[in-house]
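Sequences listed follow chains A and B, in order.
Positions 73 to 299 (my numbering) are the ones given, in order, by the first sequence.
Positions 73 to 299 (my numbering) are the ones given, in order, by the second sequence.
For every residue, glycine included, the Cβ atom is placed at its ideal position computed from N, Cα and C.
There are 2 protein chains.
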Amino acid sequence: MDHSPKEPASDHIANRLALAVHEHRLAPGTKLNEDEVADVYGVSRTVVRAALQRLSHDGLVELRRNRGAFVAQPSVREAREVFEARALLEPRTARSAAERMTGTDLAALQRHIDEEHAALAAGEGGRALYLSGLFHIEIARIADQETIATFIGQLIARSSLIIALYWKRRTAMCESHAHHALLEAMAAHDGAKAEDLMRGHLLDLLTSLDLRNTPPAPRSLREALGT
Amino acid sequence: MDHSPKEPASDHIANRLALAVHEHRLAPGTKLNEDEVADVYGVSRTVVRAALQRLSHDGLVELRRNRGAFVAQPSVREAREVFEARALLEPRTARSAAERMTGTDLAALQRHIDEEHAALAAGEGGRALYLSGLFHIEIARIADQETIATFIGQLIARSSLIIALYWKRRTAMCESHAHHALLEAMAAHDGAKAEDLMRGHLLDLLTSLDLRNTPPAPRSLREALGT
DNA sequence: GCACACGATATTGTATGCAATCTTGTGTCG
DNA sequence: CGACACAAGATTGCATACAATATCGTGTGC
């Protein structure tokens, strides 16, 4: 929606690719051939390389020397680390957000949840997952912590990959329910409760993963980049 | 020390520049002209651009569209955010590290502190500061949290800029003393104490800043890139 | 028939050149 | 004398071309 008038172009590509990963249209392990991506988006390899480098820094893409870029396949250990980091950052941040919450913020969060529901109802599970991630980031923004919000954004992105790899059940219900409970606590400025809820939410997410099997198999590319 | 045999070259430049910033040889606000940097390191603008982009992502460099790259000048607000994030990440991580600590880790940390002292004694305050940052990152590595270590690394880098801008006193003593106390707690596997010490250490750092004045003035470039 | 070595192909790494944009100096008008 | 407009210069954004390296198929020797 927010097409910045003069976006640096490589950022645009990076965002498109990131969105594709978020929405599980690009599976972990997919090779991102520079020429191919450049062709798909009608730009030069130069900007594709810049985009891939940025995504690599975010942990969404793995760059192997002279081998190319691949959508990252977080290991089990990495998965634990990501949720460990989230457990350190997000509960406290949720508390701060609850304390600083304004009516405008509330409305924005509510809108997020509504969109999430809508996407879920429309069978767009990928988009729902993406929006659910935005919800977490928005909380950090409300807490007025842009730096932490950036970190959480990176962790959310990698969480998306982790979920794609290690998701156990099929119930995405828990997500929106947990988010709704969080929203209520924050609307009531109950920081302690928000912190607890967030902690529990992250724990639920972690336990809903099956972190025992080995990494999975790659896949092809162009089919997933329709948009 | 660890010159990888075939480093991606843009990483090399990025590390060199990052080191220069860490050691306060590059002041906040310094313009990083692409041609100039390319000339200094004997490479093409292409790799310089890649390096600058990476540094931008780390928050060390600010990229302004069609205006160029500048060493970042963290605002007062950003400074608070950075230390807020560190306060969330580092104490708990120090606790984990204390619990997992091995003899090898201890030796490595001790070596870090020794180097820090040596640099300080040699009047190389910049290098001492850099090593002091490495100490914090090493703790996260000992805690076996590579992801968090990466985040802390970014925060340390920005902290270096913040210190360059807002440092109040001249005493760098507190640093190494605090680190020594931390080391002892961790050597004794006293997680709770390590956590408290780290929390206090970060608070000391924060209160030793003068976060009231306005951002400072830029400077020229080539003089700072001797090496 | 299998293993190793070599060469063709493909892909990434880097350099260079041109176009777009911003900065800055100069001149003119009020 | 000050302010605005415009043009020249400088710098970044992007695309293309070449070089370095890895992958993979093929062939030969054992």
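Looking only at DSSP bridge pairs, what is Glu134/B linked to? Counting from 1 along the second sequence, the entry for residue 134/B is found at position 62. Answer is Phe142/B.
Under 7 Å between beta-carbons, which chain A residues line up against Pro80/B? List them in chain order, please. Position 8 of the second sequence holds residue 80/B. By Cβ distance, chain A contributes Arg137.
Should Glu153/B be flagged as near chain A, meaning a C-beta pair shorter than 7 Å? Here residue 153/B is taken as the residue at index 81 of the second sequence, counted from 1. Closer than 7 Å: yes.
So, using beta-carbon positions, are Ala86/B and Ala123/B closer together than 7 Å? The residue labelled residue 86/B in the question sits at position 14 within the second sequence. The residue labelled residue 123/B in the question sits at position 51 within the second sequence. A contact, by the Cβ cut-off of 7 Å.
Rounded straight-line distance, which links the Cα of Leu255/A to that of Leu178/A: Sequence index remark: in the first sequence, residue 178/A carries index 106 (1-based). Sequence index remark: in the first sequence, residue 255/A carries index 183 (1-based). Per the coordinates, the alpha-carbon of Leu178/A lies some 8 Å from the alpha-carbon of Leu255/A.
My output table needs one value for Lys240/A: the three-state DSSP class, helix, strand or coil. Counted from its first residue, the first sequence places residue 240/A at position 168. If DSSP states are grouped into helix, strand and coil, Lys240/A belongs with coil.
Looking at Ser116/B and Glu188/B, is the spacing between their C-beta atoms short of 7 Å? Stepping through the second sequence from its first residue, residue 188/B is reached at position 116. Stepping through the second sequence from its first residue, residue 116/B is reached at position 44. In this structure, Ser116/B does not lie closer than 7 Å to Glu188/B by Cβ.
Excluding five sequence neighbours on each side, which residues of the same chain lie with their C-beta closer than 8 Å to the C-beta of Met173/B? Mapped onto the second sequence, residue 173/B falls at position 101. Cβ within range, chain order: Ile214, Met258, Ala259 and His261.
Counting only beta-carbon atoms, is Arg164/A nearer than 7 Å to chain B? The residue labelled residue 164/A in the question sits at position 92 within the first sequence. At least one chain B Cβ lies under 7 Å of Arg164/A.
Using a C-beta cutoff of 7 Å, does Ile220/B count as contacting chain A? Residue mapping note: residue 220/B aligns to position 148 of the second sequence, counting from 1. Yes, because at least one Cβ of chain A sits closer than 7 Å to the Cβ of Ile220/B.
What residues in the region 194-216 of chain A have a beta carbon less than 7 Å from any beta carbon of chain B? For the region 194-216 of chain A, which is checked against every Cβ of chain B, not one residue is closer than 7 Å.
If you draw a straight line from the C-alpha of Ser168/A to the C-alpha of Val112/A, how long is it? For the purposes of this step, residue 168/A is taken as residue 96 along the first sequence, with counting starting at 1. For the purposes of this step, residue 112/A is taken as residue 40 along the first sequence, with counting starting at 1. In this structure, the CA atom of Ser168/A is about 42 Å from the CA atom of Val112/A.
Could you check whether the region 157-167 of chain B touches the region 268-284 of chain A, counting it as contact only if at least three pairs of C-beta atoms, one from each stretch, sit closer than 8 Å? Touching, no, given that fewer than three Cβ pairs across the two stretches are closer than 8 Å.
Please report whether the beta-carbon of Ala191/B lies at a distance below 7 Å from any beta-carbon of chain A. Stepping through the second sequence from its first residue, residue 191/B is reached at position 119. Chain A, which has no Cβ nearer than 7 Å to the Cβ of Ala191/B, makes this no.
With a cut-off of 7 Å, does the C-beta of His273/B fall near any C-beta of chain A? As a working mapping, residue 273/B is identified with position 201 in the second sequence. Chain A contact via Cβ: absent.
Residues near Asp216/A by beta carbon distance below 8 Å, same chain, minus five either side: Residue 216/A sits at position 144 when you count from the first residue of the first sequence. Same-chain partners within the cutoff: Ser168 and Arg172.
Pairing CB atoms from the region 141-154 of chain B with CB atoms from the region 219-238 of chain B, are three or more of them under 8 Å? With three or more CB-CB distances shorter than 8 Å, the region 141-154 of chain B counts as touching the region 219-238 of chain B.
CB-CB under 6 Å to Tyr202/A, same chain, minus the five flanking residues each way: which ones, in chain order? Taking the first sequence and counting its residues from 1, the one referred to as residue 202/A is at position 130. Closer than 6 Å at the Cβ level, and outside the excluded window around Tyr202/A, lie His94 and Glu95.
Taking the alpha helix (DSSP H) that Asp268/A belongs to, which residues open and close that run? What you label residue 268/A is simply residue 196 of the first sequence in a count that begins at 1. Counting along the chain, Asp268/A sits inside the alpha helix (DSSP H) bounded by residues Gly263 to Thr279.
Ignoring anything shorter than 4 residues, give me the alpha helix (DSSP H) runs that lie fully in the region 158-239 of chain B, in order along the chain. Inside the region 158-239 of chain B, DSSP marks whole alpha helix (DSSP H) runs of 4 or more residues at positions 175-193, 197-214 and 218-238, from first to last along the chain.
Ala166/A vs Ile220/A beta-carbon contact at 7 Å: Here residue 166/A refers to the residue found at position 94 of the first sequence. Here residue 220/A refers to the residue found at position 148 of the first sequence. No, they are not a contact pair.
Leu254/A in three-state terms, based on DSSP: Counting from one through the first sequence, the residue named residue 254/A turns up at place 182. Note: Leu254/A maps to helix in three-state DSSP.
Taking 7 Å as the CB-CB cut-off, is Ala157/B touching chain A? As a first step, residue 157/B is located in the second sequence; it is residue number 85 there, counting from the start. For Ala157/B, the answer is yes, since a Cβ of chain A falls inside 7 Å of its Cβ.
Could you please give me the residues that DSSP links to Leu104/A through a beta bridge? Numbered from 1 along the first sequence, position 32 holds the residue referred to as residue 104/A. Residue pairing by DSSP places Leu104/A opposite Ala141/A in a beta bridge.
Let me know the secondary structure DSSP gives Glu79/B once reduced to three states. The residue given as residue 79/B occupies position 7 in the second sequence. Judged by DSSP in its simplified three-state form, Glu79/B adopts coil rather than helix or strand.
Under 7 Å, Cβ to Cβ, is there at least one residue of chain B near His361/A? Here chain A covers residues 73 to 299 and nothing more, so residue 361/A does not appear.
For the alpha helix (DSSP H) containing Leu127/B, list its first residue and its last residue. Within the second sequence, residue 127/B is the residue found at index 55, counting from 1. Arg117 to His129 is the extent of the alpha helix (DSSP H) around Leu127/B.
So Leu233/A packs on Pro146/A, CB below 8 Å; how close in whole Å? Counting from 1 along the first sequence, the entry for residue 233/A is found at position 161. Counting from 1 along the first sequence, the entry for residue 146/A is found at position 74. Rounded to whole angstroms, the Cβ separation of Leu233/A and Pro146/A is 5 Å, and the two are in contact under 8 Å.
Can you check whether the C-beta of Leu283/A is within less than 7 Å of a C-beta belonging to chain B? Numbered from its first residue, the first sequence carries residue 283/A at position 211. With respect to chain B, the C-beta atom of Leu283/A has no partner C-beta closer than 7 Å.
When you compare only the Cα positions, how much space is there between Asp130/A and His251/B? Here residue 130/A corresponds to residue number 58 of the first sequence, with the count starting at 1. Here residue 251/B corresponds to residue number 179 of the second sequence, with the count starting at 1. In a straight line, the C-alpha of Asp130/A is about 30 Å away from that of His251/B.
Who are the neighbours of Arg183/B on chain A, taking C-beta pairs under 9 Å? Looking up residue 183/B in the second sequence gives position 111. The premise fails here: Arg183/B is roughly 26 Å from chain A at the closest Cβ pair, so nothing lies under 9 Å.
By the 10 Å Cβ neighbour count, where 16 or more other Cβ atoms means buried, how is Thr222/B classified, buried or exposed? Here residue 222/B corresponds to residue number 150 of the second sequence, with the count starting at 1. It counts as buried.
For Glu134/B, is the classification buried or exposed, using 16 other Cβ atoms within 10 angstroms of its Cβ as the cut-off for buried? Within the second sequence, numbered from 1, the residue matching residue 134/B stands at position 62. Within 10 angstroms of the beta-carbon of Glu134/B lie 16 or more other beta-carbons, which makes it buried.
State the Cα-Cα distance for the pair Leu278/B and Val109/A, rounded to the nearest angstrom. Translated into positions along the second sequence, residue 278/B becomes position 206. Translated into positions along the first sequence, residue 109/A becomes position 37. Their Cα atoms are separated by approximately 45 Å.
Cα-Cα separation between Tyr238/A and Ser280/A, rounded to whole angstroms: Within the first sequence, numbered from 1, the residue matching residue 238/A stands at position 166. Within the first sequence, numbered from 1, the residue matching residue 280/A stands at position 208. The alpha-carbon atoms of Tyr238/A and Ser280/A are separated by roughly 9 Å.
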